[in-house]
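Chains as they are written, first to last, in the numbering used here: chain V, 1 to 775; chain D, 776 to 918. By construction, the Cβ of each residue, glycine as well, lies at the ideal position given by its N, Cα and C atoms. Some notes on the structure that comes next.
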Amino acid sequence: MRSAGRNRSPISCASAVGKTMVLTSTGDHPPLTAIVGGGRGCEAILRMVKGHTLGRFRMSVVGVADTNLDAPGVRYAREMGVERITTDYRDLYAVPNLDLIIEVTGSDRIRDELEHTRPHHVRLIDHFAARLFWELHQAEQAIIEQRNLLNQQVAAESKRIAQIFDSIPDEVLVVDTGMIVRHANATFLKHHGVSLEDAQGSSYRSISKSLRGESEIGLVGGAFKQVFSTKKPCSLVHKSFDAKGKAHYAATEVAPLLNPDGSLTGMIEMTRDISHRILLEEELKATEAQLKTFMELAPLATYVKNRQGQYITVNRATCTLLGREKSEIIGKRDDDLLPKEAARVMRTGDQDVLQALAQVCFEAEVSLGGNSVFLSTIKYPVLDAKGTVSAVAGLSKDVTAQRQVEAELIRTRGYLQNILDTAPVMVMTTDLDGRIVSFNRHAEICYGYKAKEVIGKPVTWLFRSQEEWEALSRRVVQGGTVPDHEITRLRKDGSQMIVSVTLAPLKDNAGNMMGTVAMGRDITQRQALINQVIQSERLAAVGRLAAGVAHEINNPLAVIGEITGYLQDLTEEGPALKRRQLDKELQEGLPKVAAQIRRCRSITSRLLSFARKSEVRREVADVSTALDDILPYLTKEARLAGVQIHRRLHAGLPLIRIEDLQLEEVLINLIKNAIHAMSPRGHGNIWLFSAHRGGHVMLTVKDDGPGIAKDVMDRLFDPFVSTKPVGQGTGLGLSICYGIVKHHGGEILVESEPGQGTIFEIALPVAREPSKTSQ
Amino acid sequence: MDQDRVLLVDDEEEFVRALAKRLKVRGLNVEVSGDGESALEKVKQSDFDVIVLDLAMPGIDGLETLKRLREVNPDLQVILLTGHGTIKSGVEAMKEGATDFLEKPAEFPELLAKIREASARRMVLVEKRRQEQVADILRERGW
C-alpha cells in the first residue's frame with residue numbers, strides 16, 4: 001500500500017473493500033454513478049465531485065434516490081442539476097450504462113437489497129466502504145491543506161525575498177549554470193528598462209548584449225567563468241560611457257549559488273553604479289595632486305616637521321634654500337641640516353609653536369652655504385582630527401634682497417633728507433587740510449621755529465592772514481604750480497621776512513593730490529638790494545628827465561638871451577637910436593623876457609615837485625595822477641621824436657597797491673622805451689589804455705614801433721639787456737619794471753612782433769580800500 | 776655891397792623874432808620861417824646867402840629840411856642850431872652839406888661871425904661860378 005502512493009490510495013481502499021471494485025474509468029468518460037441515500041454522505045460526495053477534490057478518481061453522478069426528497073443531499077443534487085432524483089432506488093437501475101451505485105443510507109437492509117436487486121454490470125459501494133473511502137479522503141484532504149499552507153508560506157517567503165531583492169539599490173541578476181537568467185531585481189529591470197518576463201528565461205549573453213557593451217560582457221563574462229570554475233566570489237570594476245559620452249563606473253560582484261552538497265546551481269551578479277564615488281575619488285586625487293603641485297612649486301620654502309623636529313614633507317624651494325636633495329632632508333632635523341646657530345633659531349621657532357599652539361613669525365639672519373641670508377619665517381601648528389598638534393608647518397622666504405632694498409631705501413631717504421636739510425631753500429609740505437607735514441632745516445633757520453614746533457600746525461600760522469593762504473592754495477588746487485610768489489611772513493622773533501615762494505601740488509604715485517609743497521627763499525636781503533637798485537635807477541630816470549628839462553629850459557633861455565642881447569645892442573648904439581624907440585623896444589622886450597622866465601620857473605617848479613615827491617612815499621597809487629605827473633616831461637621828447645601819445649584811460653579806476661613813485665618809474669621806463677624805439681624813424685604813436693578786471697587794474701602801453709627782435713624777447717626782463725648804443729642805456733629799465741611789478745603781486749606781459757609794434761601789459765592788484773583814494 | 780640875405784628857421788617864434796632884430800641891426804637882410812616846409816617855399820621863391828636852421832623841429836626836422844634845401848640849391852650855406860647838440864647829429868649835418876653848426880643857446884657874436892663867414896664863402900662860390908660861366912662863354916664863342 002505504501003508504495004502505491006498517496007494519490008492512488010482511495011481507489012486502492014475501494015478495491016480492498018470489494019474485490020470486484022476496480023474504480024477505473026471505462027473508456028474516456030468517468031463512471032456513471034447513482035447515489036442511494038440523500039443524507040449528509042450524499043451531499044459530501046456531491047461536493048467532492050463538484051469541487052474535484054476526489055483526486056484522480058472521477059465520477060459523473062447521474063441520479064440520487066431517497067425517500068425524503070427534502071434531505072440535504074437530495075436538495076444539493078437538485079441544485080447541481082442531477083438528472084434523476086427519485087424516492088425509489090430501483091428507478092435508478094433504468095439509467096442506461098450505469099456503472100456504479102454508492103449506498104450511503106447507512107442501513108444494512110437497503111445495502112442487502114441493493115446487493116440483490118442491482119443489475120450485474122452495476123457495481124456497488126456500500127456505506128461501509130464509502131465511509132472508509134470518506135475517512136481516507138479526509139486524511140488526504142488534510143495533507144493537501146497542509147501542503148497548501150506550506151506552499152503559501154514558501155510563496156510569502158519568496159515574495160519577501162523578492163521584495164528585499166527589489167529594494168536593493170544594486171542590480172541583481174541570478175543565472176543558472178546554463179547562464180539562463182532566473183531572476184532579476186527591480187533595480188536591474190528599472191535600469192535596463194526590461195520586464196521581468198522578458199528577462200527571465202533568456203540567456204545572460206543575449207540580455208547583456210542589448211543592455212551592456214560588448215567589452216563589458218567580456219569582462220563580466222570572464223568573472224562568471226572564474227566563479228564557475230573556482231566557486232569563489234569575484235568582483236570587478238568597469239567603466240562605460242553613456243550616449244552623452246559621460247563616463248560611468250560600475251562595481252560588479254559575482255557570487256556562486258551552491259547546493260548543500262557544494263555543487264553549483266547558479267550564480268548571482270550584483271552590479272552597483274559607483275560613478276559618483278569614482279568621480280569623487282578622482283576629484284580628490286586631482287585636488288591632492290594640485291595641492292601637492294601647489295606646495296611643490298610654491299616659491300616659498302614650505303615644509304612640515306613632526307613633533308620630533310624631523311622633516312616630513314618639503315617642497316622644491318626648501319631644497320633650493322637648503323641646497324640639498326629632497327631625500328637628504330626628509331627624516332632629518334635642523335641640527336643635521338643647518339649650521340649650529342641657524343638650527344637653534346629654527347628649533348626655537350618650533351618650540352614656540354608647540355608651546356603657544358599658535359602661529360609664530362620671526363625674521364632671522366642665518367648663514368646658509370657660507371652666505372648670510374635673511375629668512376622671514378612663519379610657523380604654525382598642524383592639528384590632527386583629535387585637535388592635538390601632530391606637526392609643525394613652516395614657510396620661509398629669503399628676504400635678503402628685500403632687506404637690501406629696504407636698507408638702500410633708508411639710505412636714499414637719508415640722502416634725500418640730507419639734501420632737503422642742507423639745501424639753502426625752505427621746503428615745507430602740507431597735507432590737504434593745510435597742516436604742516438614737513439619743515440626743513442633751512443626753513444627752521446629762516447623762520448626761527450624748530451620743525452617740531454610747527455609740524456601739525458595749520459600752515460596759516462605762518463601767514464599774515466587766512467585769506468592769503470586760501471587764495472594761494474586755491475590756485476594750487478586749480479592750476480598747479482604758483483611760481484615766484486612774494487609774500488611777507490613773520491619770523492619767530494616777530495621780524496618780517498620777504499619770501500619768494502613757489503607752490504606746487506604734492507601728488508602720490510597715482511596722481512592724487514596729497515597736499516602742497518612750498519619752496520621758499522628768504523629774499524628780504526635781496527629785496528633790500530633790489531630796492532637800492534630801484535632807487536639808483538630812479539636817479540637815472542630823474543637824470544633822463546633832466547635832459548628833457550634842460551632841453552625845455554634851453555629854449556626860453558635862448559629867447560631871453562636874444563631879447564636881452566637885442567636890447568643891449570640898442571643901448572650900445574646909444575645916440576644912434578632915439579630915446580623913444582629904445583623905450584618902445586624895452587616895453588616890448590622886457591615882458592617877453594619875463595614870460596620866458598615864468599616859463600622856466602614853471603619847468604623848474606615841476607621838476608622840484610617831482611623831486612620832492614620822492615620824500616613822501618605812498619602805498620597806493622592812482623594811474624591817472626601818475627601819468628599827469630610824468631607825461632609833461634615826456635611829451636616834448638615825444639614831440640621831437642615825432643611820436644604822439646594817446647591817453648585812453650578808463651575813468652574812475654580804483655587805486656592800486658603800489659608805491660606811486662614806483663608806478664611812475666615803471667610808466668616812465670615803458671613810455672621812454674617806446675619813444676626811443678620809434679625816434680630813429682621819426683614818427684609813431686603810443687597808446688595808453690587802462691581797464692579794471694577781476695581785482696586788478698590793467699595798464700597797457702602800446703606802440704606801433706618796430707617791435708622787439710625774437711632773440712631780445714627771450715631775455716627782455718633780464719638786467720643789463722639793452723638795444724641802445726653803449727652809454728645810452730643801463731639795461732636795467734625793464735628788469736626794474738619787472739621787479740617792481742612782481743614785488744607788488746602783479747604781472748607784466750609783453751607782446752611783440754618785429755614790425756608789428758609792441759604791447760606791454762601790467763596787471764596790478766587793486767588796493768583794498770578804494771574809499772581813501774582822495775588823499 | 777649888397778646886404779647879406781639870411782633866412783632864420785626855428786619853431787620858437789620869440790627866439791627867431793629877437794634874433795632877426797639883432798641881425799637886422801647889424802645890417803643883415805633877415806627873413807624868418809617857423810618850420811621846414813615854409814623855409815623851403817621861401818628858398819624856392821628868392822635867393823638867400825645863409826640859412827640858420829634849428830635841428831629839432833616838429834614836422835620835417837632840421838636834417839630833412841637841410842637835405843631838401845640842398846636839393847633846391849646846392850650852393851646854399853646852412854648853419855645848424857641844435858638844442859642838445861651831439862657829435863652824432865653834427866657829423867650827420869656836416870655830411871648832408873651843412874656849412875657849420877652851433878649849439879643852442881648860441882653866443883650871438885659867434886653866430887654872427889659864422890653867418891658872415893658863410894656869406895663870404897657864398898660870395899666866393901658865386902664869383903667862382905661866374906668866372907666858370909665867363910670861361911665857358913669864351914671857350915664856346917672862341918674869339
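Which partner residues of residue i appear in the DSSP bridge assignment?
i, result
"V/W687", "V/H646 and V/K702"
"V/G520", "V/M426 and V/V501"
"V/V389", "V/L383"
"V/G63", "V/A34 and V/R84"
"V/S396", "V/A301 and V/T377"
"V/Q355", "Answer by DSSP bridge pairing: none, since V/Q355 is not bridged."
"V/I748", "V/I762"
"V/R272", "V/A251"
"V/E103", "V/V36"
"V/G515", "V/D431 and V/L506"
Is any heavy atom of the ligand MG found at a distance shorter than 7 Å from the C-beta of residue i?
i, result
"V/L150", "The model depicted lacks the ligand MG and carries no ligand whatsoever."
Here's the rule I'm using: 16 or more other beta-carbon atoms within 10 Å means buried, otherwise exposed. How should residue i be labelled?
i, result
"V/V353", "buried"
"D/A888", "exposed"
"V/N259", "exposed"
"V/R111", "buried"
"V/A407", "exposed"
"V/V477", "exposed"
"D/G802", "exposed"
"V/I419", "exposed"
"V/Q596", "buried"
"V/Q290", "exposed"
"V/I530", "buried"
"V/N669", "buried"
"V/G755", "exposed"
"D/V901", "exposed"
"V/A550", "exposed"
Along the chain, where does the alpha helix (DSSP H) containing residue i start, and where does it finish?
i, result
"V/H127", "H127 to S167"
"V/E444", "R441 to Y447"
"V/F362", "Here V/F362 belongs to no alpha helix (DSSP H); instead the beta strand (DSSP E) covers V360 to L368."
"V/V194", "That residue, V/V194, is in no alpha helix (DSSP H); it is neither H nor E in DSSP."
"D/R914", "F883 to R916"
"V/E171", "Segment E171 to D176 is the beta strand (DSSP E) holding V/E171; no alpha helix (DSSP H) there."
"V/S235", "No alpha helix (DSSP H) contains V/S235, which is instead part of the beta strand (DSSP E) from C234 to F241."
"V/V666", "D660 to M678"
How many angstroms separate the CA atom of residue i from the CA atom of residue j?
i, j, result
"V/Q153", "V/K159", "10 Å"
"V/Y566", "V/M678", "39 Å"
"V/I675", "V/M514", "51 Å"
"V/S473", "V/E664", "32 Å"
"V/T67", "V/G38", "8 Å"
"V/K232", "V/T252", "14 Å"
"V/L46", "V/V61", "8 Å"
"D/L782", "D/I826", "5 Å"
"V/V643", "V/E761", "20 Å"
"V/S115", "V/A142", "The residue you asked about is not Ser; residue 115 of chain V is Glu in the sequence shown. Distance between the alpha carbons of V/E115 and V/A142 is about 33 Å."
"D/E892", "D/V805", "16 Å"
"V/A393", "V/M346", "12 Å"
"D/F883", "V/V623", "45 Å"
"D/R780", "V/I563", "21 Å"
"V/I708", "V/R681", "15 Å"
"V/F362", "V/F374", "10 Å"
"V/Y311", "V/K285", "24 Å"
"V/G414", "V/L503", "24 Å"
"D/S894", "D/E867", "22 Å"
"V/A4", "V/H29", "Residue placement at V/A4 cannot be trusted, given a pLDDT of 40 that sits under 50; the coordinates are not used to answer."
Start and end of the beta strand (DSSP E) containing residue i?
i, result
"V/A638", "Counting along the chain, V/A638 falls outside any beta strand (DSSP E), though it belongs to the alpha helix (DSSP H) covering V623 to L640."
"V/T252", "A247 to L258"
"V/H485", "V482 to L490"
"V/Y311", "Y311 to V314"
"V/R182", "V181 to A184"
"D/N804", "N804 to S808"
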